[in-house]
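Asker: Numbering (our numbering), first residue to last: 96 to 252.
Yeah, the Cβ is synthetic: ideal placement off N, Cα and C, and Gly gets one too.
In this text, all values refer to a predicted model and were calculated from it rather than measured experimentally.
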Amino acid sequence: MSQALYERYKEALRRGHVAALRGRLDVAEAAYRAAAVIAPDRALPHASLGGVLHRQGRTDDALVAFAAAIARAPEDEVALRGRAELLADAGRRSAAALDYENLAGILERLGRLADAGDAARRALELAESRSRRRESERLAAALPGQGEDRAAVDALD
């Protein structure tokens, strides 16, 4: 990607982020779509577009955008978390739990144990199972100084 093209990409993303923060979702959508055209191999504009479409209540379109992001970067945190939240909001609890489980594993490999524990706990909340409970307990116990944390134990209960 040339420097000029990269600058156009960054500017489209910036416009999208600012518009999304200001609640101008139609402008954000257009900007993220422009960024995706400029850099079709990047996950970020697709994941950001998914978030905007989710906020607009366009579930099917948002799922397509998140899928495009995940196809480009299977371990993209923004895309996985966004799709998990969308699926949970749509009542597809089991599918959402799978995304949160996947996200927990990725975050743990990155050494982000607290975030991994949060994702595992969310998976457990959405679709309880023994394996998810064990995973949440294991991650909570792995946190430095958290093995005896009463709040963590209460949260798991």
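Throw me the rounded Cβ distance for the alanine 114 and alanine 126 pair, which I believe falls under 8 angstroms.
Answerer: Along the sequence shown, one-based indexing puts residue 114 at 19. Along the sequence shown, one-based indexing puts residue 126 at 31. That pair is a contact at about 6 angstroms.
Asker: Please state whether the Cβ-Cβ distance between alanine 164 and alanine 174 is less than 7 angstroms.
Answerer: What you label residue 164 is simply residue 69 of the sequence shown in a count that begins at 1. What you label residue 174 is simply residue 79 of the sequence shown in a count that begins at 1. A contact, by the Cβ cut-off of 7 angstroms.
Asker: Could you give the DSSP three-state label for aspartate 156: helix, strand or coil?
Answerer: Start at 1 with the first residue of the sequence shown, and residue 156 comes out as number 61. The answer is helix: DSSP assigns aspartate 156 an H, G or I state.
Asker: Check for me: the alpha helix (DSSP H) holding glutamine 98 runs from which residue to which?
Answerer: The residue labelled residue 98 in the question sits at position 3 within the sequence shown. First-last of the alpha helix (DSSP H) with glutamine 98: 98-116.
Asker: Given this structure, state the Cα-to-Cα distance separating valine 159 from alanine 99, to the nearest angstrom.
Answerer: The residue given as residue 159 occupies position 64 in the sequence shown. The residue given as residue 99 occupies position 4 in the sequence shown. One C-alpha to the other measures close to 29 angstroms.
Asker: So, leucine 219 versus alanine 211, is the Cβ gap smaller than 7 angstroms?
Answerer: For this step, residue 219 is matched to residue 124 along the sequence shown. For this step, residue 211 is matched to residue 116 along the sequence shown. Going by C-beta atoms, leucine 219 is not nearer than 7 angstroms to alanine 211.
Asker: Is the CB-CB distance between histidine 141 and alanine 131 below 7 angstroms?
Answerer: Here residue 141 refers to the residue found at position 46 when the sequence shown is read from its first residue. Here residue 131 refers to the residue found at position 36 when the sequence shown is read from its first residue. Closer than 7 angstroms, so yes.
Asker: In terms of residues, what are the limits of the alpha helix (DSSP H) holding aspartate 184?
Answerer: Along the sequence shown, one-based indexing puts residue 184 at 89. Residues 172-184.
Asker: Can you tell me where the alpha helix (DSSP H) holding serine 224 begins and where it ends?
Answerer: On the sequence shown, position 129 is the one that residue 224 refers to. Counting along the chain, serine 224 falls outside any alpha helix (DSSP H), and DSSP gives it neither H nor E.
Asker: Given that a residue counts as buried once 16 or more other Cβ atoms are within 10 Å of its Cβ, and exposed if not, what is isoleucine 101?
Answerer: Numbered from 1 along the sequence shown, position 6 holds the residue referred to as residue 101. In the sequence as displayed, the identity of residue 101 is tyrosine instead of isoleucine. Exposed: under 16 other Cβ atoms inside 10 Å.
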